[in-house]
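This report concerns only the one structure given below.
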Amino acid sequence: SRVRFLKAFEEVNDKFQEIYTKFFDGGKAGLKMLEEDNPLDTGIDIVAQPKGKRLQSITLLSGGEKALTVLSLIFSLFLVKPSPFFLLDEADAPLDDANTLRFVKLVKVLSEKSQFLLMTHNKNTMELADTLYGITMQEPGVSSLLSVNLNEV
Amino acid sequence: SRVRFLKAFEEVNDKFQEIYTKFFDGGKAGLKMLEEDNPLDTGIDIVAQPKGKRLQSITLLSGGEKALTVLSLIFSLFLVKPSPFFLLDEADAPLDDANTLRFVKLVKVLSEKSQFLLMTHNKNTMELADTLYGITMQEPGVSSLLSVNLNEV
Amino acid sequence: MKIKKLEILGFKSFAEKTSFTFPPGVTAIVGPNGCGKSNIVDAIKWVLGEQGAKTLRGRAMEDVIFNGSEKRKPTGMAEVTLTFSNENGAAPRQYSEFSEISVRRRLYRSGDSEYYINNSPCRLKDITELFLDTGIGSKAYSIIGQNHINWLINSKPEERRFVLEEVA
Amino acid sequence: MKIKKLEILGFKSFAEKTSFTFPPGVTAIVGPNGCGKSNIVDAIKWVLGEQGAKTLRGRAMEDVIFNGSEKRKPTGMAEVTLTFSNENGAAPRQYSEFSEISVRRRLYRSGDSEYYINNSPCRLKDITELFLDTGIGSKAYSIIGQNHINWLINSKPEERRFVLEEVA
Ligand SMILES: Nc1ncnc2c1ncn2[C@@H]1O[C@H](COP(=O)(O)OP(=O)(O)OP(=O)(O)O)[C@@H](O)[C@H]1O
Ligand SMILES: Nc1ncnc2c1ncn2[C@@H]1O[C@H](COP(=O)(O)OP(=O)(O)OP(=O)(O)O)[C@@H](O)[C@H]1O
Ligand SMILES: [Mg+2]
Ligand SMILES: [Mg+2]
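Chains as they are written, first to last, in this note's numbering: chain L, 1 to 153; chain V, 1001 to 1153; chain Z, 2001 to 2168; chain B, 3001 to 3168.
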């Protein structure tokens, strides 16, 4: 199990760097074991350095930079061990237009191997979707599904 | 000081109800003292009931409903004791288009008595602003002010 | 295992039975503030075994049962059913001959709760075992709730091991 | 007291001196992710006396000093100056004849920090007293940081008294 953990750590770390540089057009990202000699108990640090910036604590990153860092990490976990579906509730809310487009492009690629359910208010994200479900409260206080045909949007 | 607290409580409570029904086109909102007989130490509960829904704990409200409830309360504090400026960092992020427009309309009205600084990615909010400041990192890692003339947007 | 269908009845704001099928690719779920989008996320977490009322934004688990509206009385039960297709036989041995697997969870106002796999009663433990090693679960890395995107950054280093162990 | 001007130098990503004037009405501050918008909010909270490094997203207060970039070395000092107009004489008595009041805060890498009111050195206590009862302050109800909109809902009932006492 120690060997399996180290293998997973290496693979996720590699993918994390790969996806992160795709999102930020450069920069560096990685995972760090706090106690390298104790892989079965060690805590994990996340390191992220956007392009052109000095390396600093991830707590100093902006709202959008944090969201993209987490999305890069989640997608790298997926590439190592695919999950049958993703459920992301307004994950695009902190992103500016350019980063929303990068996010949706990557989702589109990954959606060939997994189903994506995205709750969103963002028009760029809606345009990308294969299917659109509208939720409404035509009767106040009671939710129902409005089947929306994509051509109508 | 007990009298002053009770007076402020009453005034904020009235304004909160007024502004909340403006935002939600109805519904009820208010403040509750947990210990009415001990105004100087009591905790304060926030009660909010969107139009057409049963009264429930505020924790069950949606992301956008919570944001509008807080904005109603903050603006009602302002009407009782004006603050010279408001600084709202992406407070419009959880709002849908309809609620964003209600939010910006109210901000426009209040901005006659106070300055508003709004960080935003939302085009509806940008259109409302009297002045637009662009922040850029033309030199990577270094922020600078891009003076933007509103007509250029 | 791919998600095929979600059926919600009496769970939070879904008073009437509502069914969703999930076509492949990307499905966007849209609607005004407060219409019930995040309640769908809560329904999926709940049927997969979520035990914390606070994680579902409630104070007690009973808060997930439809609590009434202007015109309707509260209902007595919440029920969510999630159906997966099992074409590639990824499910554990005892379920391998089923082409579809459905899990159901019910909660009554009385506090009684029931779990089902393919319509036969089971325990929560059976549901957790069913999804072991499939990447499906209420705490899976692939479910990110509203305003929760930064949890991996705000969490302690020890808590982050959990996601790596999941993929190991 | 109305805000007239904000000057930032060496604070977070603002390596060069940057000045903002605040016209009346609504000013929208826009720009791509990570460009420095929230750092402006932090600069205003900091000059008004914020003492918690964590509230400014750092681990130690030194994290607010410009830490370098691809082409620049870290600087040795962070400085923020906020200037108010005092036309209606709302400021406390000893400042009532000034038509403008400016507060400045500096932090050096050595850990030394300095406060100024109208260019003369003072203590943090003087700045807090200056703003007493004006509605201005790093914890004022009118400053809402990013992702912080729900703090009033998520806080405990006792913590909410604070905002009511501010207006009482
Ligand atoms: N048990 C319940 N019975 C009836 N209604 C409920 C129940 N629990 C929650 N609700 C209602 O559901 C609504 C919240 O829905 P939800 O959080 O899914 O909205 P949303 O579509 O995600 O909105 P947003 O875009 O603002 O995030 C609230 O108005 C709340 O009152
Ligand atoms: N001391 C410092 N020195 C240099 N750069 C810093 C310092 N502290 C923070 N930064 C940088 O400032 C950037 C964050 O800026 P900020 O949070 O203001 O962005 P933002 O414009 O609000 O973006 P978003 O739209 O994503 O919220 C980070 O990339 C961070 O590395
Ligand atoms: Mg929601
Ligand atoms: Mg920001």
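Even for Gly, the Cβ is constructed at its ideal location relative to N, Cα and C.
Same chain, Cβ closer than 6 Å to residue i, five either side skipped, listed in chain order
{"i": "K3045(B)", "result": "S3138"}
{"i": "E2007(Z)", "result": "S2019, T2081"}
{"i": "F3131(B)", "result": "G3137"}
{"i": "E107(L)", "result": "Residue identity differs from the one stated: residue 107(L) is Val in this sequence, not Glu. Only F116 meet the Cβ criterion."}
{"i": "G2135(Z)", "result": "none"}
{"i": "A2043(Z)", "result": "I2008, F2011, V2080"}
Buried versus exposed call for residue i [16 or more other C-beta atoms within 10 Å across all chains shown]
{"i": "E152(L)", "result": "With a pLDDT of 48 at E152(L), under the threshold of 50, the modelled position of this residue cannot be trusted, and the question is left open."}
{"i": "S2113(Z)", "result": "exposed"}
{"i": "D1025(V)", "result": "exposed"}
{"i": "N3088(B)", "result": "exposed"}
{"i": "Q1049(V)", "result": "buried"}
{"i": "T2021(Z)", "result": "exposed"}
{"i": "K3012(B)", "result": "buried"}
{"i": "L1146(V)", "result": "exposed"}
{"i": "P3032(B)", "result": "buried"}
{"i": "Q2146(Z)", "result": "buried"}
{"i": "G3010(B)", "result": "buried"}
{"i": "V3(L)", "result": "exposed"}
{"i": "L1055(V)", "result": "exposed"}
{"i": "L1118(V)", "result": "buried"}
{"i": "S3038(B)", "result": "buried"}
Residue i Cβ short of 7 Å to ligand 3 heavy atom set
{"i": "S143(L)", "result": "no"}
{"i": "Q1056(V)", "result": "no"}
{"i": "K2037(Z)", "result": "yes"}
Contacts that residue i makes with chain V (C-beta to C-beta distance below 7 Å)
{"i": "R2104(Z)", "result": "Ordered by position in chain V, no residue passes the 7 Å Cβ test against R2104(Z), which lies about 23 Å from the chain."}
Beta-carbon separation (whole angstroms), residue i vs residue j, contact threshold 8 Å
{"i": "S1114(V)", "j": "P1084(V)", "result": "6 Å"}
{"i": "V70(L)", "j": "L2152(Z)", "result": "5 Å"}
{"i": "E2079(Z)", "j": "R2059(Z)", "result": "That pair is no contact at about 21 Å."}
{"i": "V1012(V)", "j": "L1031(V)", "result": "7 Å"}
{"i": "I3144(B)", "j": "A1093(V)", "result": "Not confirmed; about 11 Å, so no contact."}
{"i": "N3119(B)", "j": "E3100(B)", "result": "Between E3100(B) and N3119(B) the Cβ distance is about 11 Å, and since that is not below 8 Å, they are no contact."}
Neighbour list for residue i in chain B, Cβ cutoff strictly below 9 Å
{"i": "D45(L)", "result": "Simply none; closest approach about 13 Å."}
Proximal chain Z residues relative to residue i, where beta-carbon distance stays under 7 Å
{"i": "L1060(V)", "result": "R2057, G2058, D2063"}
Within chain B, the residues that residue i reaches when beta carbons sit closer than 7 Å
{"i": "R54(L)", "result": "N3067, G3068, S3069"}
{"i": "A1129(V)", "result": "V3026, T3027, A3028"}
{"i": "A98(L)", "result": "P3032"}
Cβ shell of residue i (< 7 Å), same chain only, five flanking positions each side left out
{"i": "V3163(B)", "result": "Y3141"}
{"i": "F23(L)", "result": "L68, S72, R102"}
{"i": "D97(L)", "result": "N124"}
{"i": "E3165(B)", "result": "none"}
Heavy atom of ligand 4 within 7 Å of residue i beta-carbon
{"i": "E1090(V)", "result": "yes"}
{"i": "S62(L)", "result": "yes"}
{"i": "M1119(V)", "result": "yes"}
{"i": "Q2146(Z)", "result": "no"}
Sequence-distant residues of the same chain with beta carbon closer than 8 Å to residue i, five excluded per side
{"i": "H121(L)", "result": "E90, A93"}
{"i": "K66(L)", "result": "I58, P94"}
{"i": "L61(L)", "result": "A48, P50, T69"}
{"i": "Y2095(Z)", "result": "N2086, I2101, I2117, N2118, L2130"}
{"i": "A3090(B)", "result": "M3001, T3134"}
heavy atom of ligand 2 below 7 Å from residue i C-beta
{"i": "I3065(B)", "result": "yes"}
{"i": "P1094(V)", "result": "no"}
{"i": "I1135(V)", "result": "yes"}
{"i": "K53(L)", "result": "yes"}
{"i": "E2016(Z)", "result": "no"}
Beta-carbon neighbours of residue i, restricted to chain L and to distances below 9 Å
{"i": "G1063(V)", "result": "D89, E90, A93"}
Where residue i meets chain B, residues with beta-carbon distance less than 8 Å
{"i": "Y1133(V)", "result": "F3020, T3027, A3028, I3029, V3030"}
Any non-hydrogen atom of ligand 1 within 7 Å of residue i CB
{"i": "E3079(B)", "result": "no"}
{"i": "I2149(Z)", "result": "no"}
{"i": "P1050(V)", "result": "yes"}
{"i": "K2002(Z)", "result": "no"}
{"i": "N2033(Z)", "result": "yes"}
{"i": "K2012(Z)", "result": "yes"}
{"i": "E1065(V)", "result": "yes"}
Neighbour list for residue i in chain V, Cβ cutoff strictly below 9 Å
{"i": "N2147(Z)", "result": "G1063, P1094"}
Neighbour list for residue i in chain L, Cβ cutoff strictly below 7 Å
{"i": "G1141(V)", "result": "G52, K53, R54"}
Per-residue contacts from residue i into chain Z (C-beta, under 9 Å)
{"i": "S1057(V)", "result": "R2057, G2058, R2059, D2063"}
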